[in-house]
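This report concerns only the one structure given below.
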Amino acid sequence: MSATISRRQFLAGSAAAAGSLVIGFHIPFARDAAAQGMPAAPATPEVNAWVVVRPDDTVVIRIARSEMGQGTLTGLAQMVAEELECNWAKVTTEYPTPGQNLARNRVWGNFSTGGSRGIRESQEYVRKGGATARMMLVQAAADEWKVPVAECTAANSVITHTPTSRTTTYGKVAAAASKLTPPTAVTLKDPKDWKLVGKRMARLDTVDKTTGKQIYGMDLKLPGMLNAAIKRCPVFGGTLKSVDEAAVMKRPGVKKVVRVGNDAVAVVADTWWRAKTALDALPIVWDNGPNANASSAAFAEVLKAGLDATDAVVGNKVGDAAAAIAASAKKVEAVYSYPHQNHATMETMNATARWTPERCEVWTPTQNGEAAHAAAAEAAGLPPAQCEVYKLLLGGGFGRRGAVHDWVRQAVAIAKEMPGTPVKLIWSREEDMLHGSYHPVTQCKLTAGLDAQGNVTGFQMRISGQSILAGVAPQAIKDGKDPVVFQGLNPPGPEASLGYAFPALLVDHAMRNPSTPPGFWRGVNLNQNSIYLECFIDELAHAAGQDPLAFRRKLLANSPKHLAVLNAAAEKAGWGTPTAPGVFRGLCVTMGFGSYVAACAEVSVSNDGVLKVHRIVAATDPGYAVNPQQIEAQVEGSFVYGLSAALYGECTVKDGRMEQDNFHTYVPLRMNEMPAVETVIVASGGFWGGVGEPTIAVAAPAVLNAIFAATGKRIRDLPLKNHSLKKA
Amino acid sequence: MAKLNVNGKVREYKADPGTPLLWVLREQLGLTGTKYGCGVALCGACTVHINGVPTRSCVVPAASVKASAKVVTIEGLSPNGSHPVQKAWDKLDVPQCGFCQSGMIMAAAALLKAKPNPTDADINEAMTNICRCGTYNRVRAAIKVVAGGGDTKSAGLSIQHADGSLT
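As they're listed, the protein sequences go chains A and B. Residue 498 in our numbering sits at position 498 of the first sequence; the count goes up by one each step and never skips. Residue 777 in our numbering sits at position 49 of the second sequence; the count goes up by one each step and never skips.
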């Protein structure tokens, strides 16, 4: 089929073939690429859903997950290429669209790119996709030569008939391969035979990011496109009361003032700058609604009451912790808390939408194309089959662009008011800060008993606070329990398990939800849970008069993977050996997103209280390490994100709205504060863990424990900017 | 029509008084490599060179930039990505999401022109751009590679490129 196939034909053809792998059916990627302003690819049939080989041997690998800096594009391509046995130098990638995935019975599986799942959850089927395509290509060559397929081998995109040394290339047999029935029995390589997976390969998407050519959502330009700026009621839950459209309609370039839903207003103009300045000049009256008096201070009291409430849901329980603690020689108790934070992606939320009564198209950076597609269809009032989403590269995601697609709904609602005209909605930084989906706010009371020898007898953690699922997916809450709340504190198992073996344990959660919308914020609940657990463990070690490393090792005796990363970080950092004068160390170990991580931080605190983080050694065991140089990049990046949060990250509510609206009040870490990071990859094999998030959670506790070692001060609520570290 | 000298060419544009240089570059001249991040000169994503000086274009009114002033954006730093800073950035895989990197590269190029062998303190002072992905240590490594004459292996990252080379 030609690249000019109409979308109607495509959808009809796909519907007829629904339920099976559609081999040889050309998808109009070229047309979509052209729509995105990208060069159109020549029409070439796909070998299978994951692989297209062009006559010039270029291999196009389809990637369903979203690239947002974490390197998943390259890692997933490595996995497909490993099994495909293709020439890596000729590999390119492309995104299938959510509409195509829907039309083809989800042949590409889940598009969701969060929870550090990109590789760990799709590794098997993408490798099978590569292996299947290789088998079909080799079969096609064998058929052409009329020889048994077993006599043929493939490497580097070249197929060889071993007995005769005849060769051909993937590009030459791809068209024939695309017509074959895919094999059902597919054997994947033994990891010891990997040639590409596990190697320090360069990313596939770097060059255009160094020349300004890379198009992000914000950069998209479509013919006839208009631009929109938006303001939503700054008080959460408030609505739009009135707006004086006439006041701005005569401004240059202004086309329309649009009421968006019941709580926002947008100005559409020829340029974004004109839309934004007109919006700033627009008289708007809000109805602040029921949360007009909400404040972080008032909510902290609600959380505090939750620490002793009786309505808690149990997440992990061993024996009778309360009784064990009561019978102990020594009891230790502490209350910690963790604030709201904004993802603050460098590229603010944006989407371009074009709506007609028959069709809605959206171009947007999203971590979940399928969720964006569903949101677009709902806002468009059209069946999903009449909607399409084109994913663009994300200028940061960190969880903000995954679960909630509020900006997509807004963009479609605006475009709906201007049928046929593409409208690009860009949020200002201020809008982005005031309408995040914030890191949940919680407090935690920890109580433990120690016997006369300093052994833990019982351990209790009461978490009081916000549930992300209650905000973004309430249907996922069963019997009042949000299981995500207990990340890092779960019973032994493959996901976010607590490593410490306490003889008696109770972890429970009293759900308390403020008016602030919560979201999955890179590292999610592992962030604060690791602070609570790992700083309190340090407190216990101190109370027991024991070395924090030795104290942890004893409790991790039955958790070898936790122990291995802790040991790796401690040993590389030189735990127990002298530091430079004034430099102190702190430890942390945790498990989440399927991986085991630990860190040892080295800090100093000057007499007047200035903190310097000198060095961090971080160990990570993700099972298999697909691209070690990108794992290092993710680990380093995790400390920037985690230390930004620990040092400065706080969003506070006053009068129902967020107080922080730009980078002067919400300050990220900058280069001058960035410590040296040494990454130790302990890839123990046999499982697949995530990389992008777990290390965030060890940043703050390792530093806080080092601060205690340096100053004797226990910081139990973040960020650090609210505390004086000055020596008394 | 107002005029700007951008990337070696005199360009005419129309914009309302007070329109920042950033938005003239992005919306009138189609140079979207320069990014909007904060609008108040805090993040550096919009950094361009004006007469060689790294400048946050989101707070500079375009009308205040004389037609004789030489504006250089990421698109004009080199014709084909061959500026030593771009090469080092590429070979060390510095960018993650990449959104802040145009500004980072422009800031680094200006720093290295002013101080070909910057100290860590010089780098800290000049490189105040915000990166949320966390590329700071590779940014520093890449600046040092350029200062050291472009030996990308000196960064010790051991990255395998598709053409078989190692940096």
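We put the CB at the ideal spot given by N, CA and C, even for glycine. Fair warning: this is a prediction, and the values are worked out from it, not measured in the lab.
Secondary structure at residue 690 (chain A): coil, using DSSP grouped into helix, strand and coil. For residue 623 (chain A), the secondary structure class from DSSP, reduced to helix, strand or coil, is strand. With distances taken between CA atoms, residue 717 (chain A) lies nearest to A:444 out of A:195, A:444, A:129. Assignment of beta-bridge partners to residue 733 (chain B) by DSSP yields B:738, B:798. For residue 167 (chain A), the enclosing beta strand (DSSP E) stretches over residues 166 to 169.
Proximity to residue 54 (chain A) across A:230, A:603, A:174, A:335 peaks at A:174, based on C-alpha coordinates. In the three-state reduction of the DSSP assignment, residue 827 (chain B) falls in the coil class.
Here the C-alpha atom of residue 60 (chain A) lies approximately 12 Å from the C-alpha atom of residue 43 (chain A). Within the stretch 689 to 705 of chain A, not one residue has a Cβ closer than 7 Å to any Cβ of chain B. For residue 191 (chain A), the secondary structure class from DSSP, reduced to helix, strand or coil, is helix.
Three or more Cβ pairs closer than 8 Å define a contact, and the stretch 754 to 770 of chain B meets that threshold against the stretch 816 to 830 of chain B. Under the three-state reduction of DSSP output, residue 458 (chain A) falls in the strand class. Taken in chain order, the complete beta strand (DSSP E) segments of 3 or more residues contained in the stretch 343 to 380 of chain A are 350 to 355, 360 to 364. The count of Cβ pairs closer than 8 Å, one atom from the stretch 597 to 607 of chain A and one from the stretch 657 to 666 of chain A, stays below three, leaving the stretches out of contact. Around the CB of residue 779 (chain B), fewer than 16 other CB atoms lie within 10 Å, so the residue is classed as exposed. The criterion of a C-beta distance shorter than 9 Å is not satisfied by residue 578 (chain A) and residue 521 (chain A). Among the CB atoms of chain B, none fall inside 9 Å of the CB of residue 117 (chain A).
Among the CB atoms of chain A, none fall inside 9 Å of the CB of residue 740 (chain B).
Listed along the chain, the chain B residues whose CB falls inside 8 Å of the CB of residue 521 (chain A) amount to none; the nearest CB is some 12 Å away. Within chain B, 767 have C-beta atoms less than 7 Å from the C-beta of residue 428 (chain A), given in sequence order. Under the Cβ criterion of 9 Å, residue 204 (chain A) is counted among the residues facing chain B. Residue 221 (chain A) belongs to the set of residues whose beta carbon lies under 9 Å from a beta carbon in chain B.
About 6 Å separates the beta carbons of residue 408 (chain A) and residue 376 (chain A), which is inside the 8 Å limit, making them a contact pair. Here DSSP, grouped into helix, strand and coil, assigns residue 562 (chain A) to helix.
DSSP places residue 124 (chain A) within a helical segment (H, G or I) once states are collapsed to three. Listed by position along chain A, the residues whose Cβ is nearer than 7 Å to that of residue 889 (chain B) are 202. Note on geometry: alpha-carbon atoms of residue 733 (chain B) and residue 800 (chain B) lie some 8 Å from one another. Non-local C-beta neighbours of residue 286 (chain A) in its own chain, meaning closer than 8 Å and more than five positions away in sequence, comprise 233, 234, 235, 238, 239, 240, 241, ordered along the chain. Within the stretch 498 to 575 of chain A, the runs of alpha helix (DSSP H) at least 4 residues long that lie entirely inside it are, in chain order, 524 to 543, 548 to 555, 560 to 573. Of all residues in the stretch 373 to 391 of chain A, none comes within less than 7 Å of chain B when Cβ atoms are compared. Interface with chain A (9 Å Cβ-Cβ cutoff): residue 847 (chain B) is excluded.
For residue 789 (chain B), there are no C-beta contacts with chain A under 8 Å, since the nearest C-beta of that chain is about 11 Å from it. Among the residues facing chain A, residue 879 (chain B) is not included, as its CB has no counterpart in that chain under 9 Å away.
Bridge partners of residue 333 (chain A) according to DSSP: A:447. Residue 341 (chain A) carries a coil assignment under DSSP once its states are collapsed to helix, strand and coil. Taking all protein chains in view, the Cβ of residue 604 (chain A) is crowded by 16 or more other Cβ atoms within 10 Å, so the residue is classified as buried.
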